[in-house]
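As numbered in the numbering used here, residues 633 to 699 make up the sequence shown, in order.
All C-beta atoms in this analysis are idealised placements derived from N, C-alpha and C, irrespective of residue type, glycine included.
This structure is a prediction, so every number in the text was calculated from the model and none was measured.
Heads up, the thing below is written out as structure tokens.
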Amino acid sequence: MDELKIKLLTEIEKSSYGIYRKFMTIEEIKLCNQMVKDKLLYKTKPDEKNATIAFFITGKGKQYLEQ
633 MDELKIKLLT EIEKSSYGIY RKFMTIEEIK LCNQMVKDKL LYKTKPDEKN
683 ATIAFFITGK GKQYLEQ
């Protein structure tokens, strides 16, 4: 699970648009929602019309990757 967490955090950090929920597996969505609760990520709707939820990394998430 930690490998997937690090993979997702790295992918989200590299993307300036975050990662869209509609392109994720159920397992990835559950993990991202847990990381939101842990304050490693935050989620929001982009400004695009009919946009899905996108996940973005927080400062705490970046610190987690550096460890």
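Point to revise | Other residues of its chain near residue 677: CB distance less than 8 Å, five sequence neighbours each side excluded | key: 683, 684, 685, 686
Review point. CA-CA distance, residue 697 and residue 654?
Key: 24 Å
Check your understanding: Mapping DSSP to helix, strand and coil, what is residue 672?
Key -> Three-state DSSP puts residue 672 in coil, outside helix and strand.
Review point. To which residues does DSSP link residue 655 through a beta bridge?
Key: Answer is none; residue 655 lacks a bridge partner.
Check your understanding: In terms of alpha-carbon separation, which member of 663, 650, 658, 649 lies closest to residue 638?
Key -> 663
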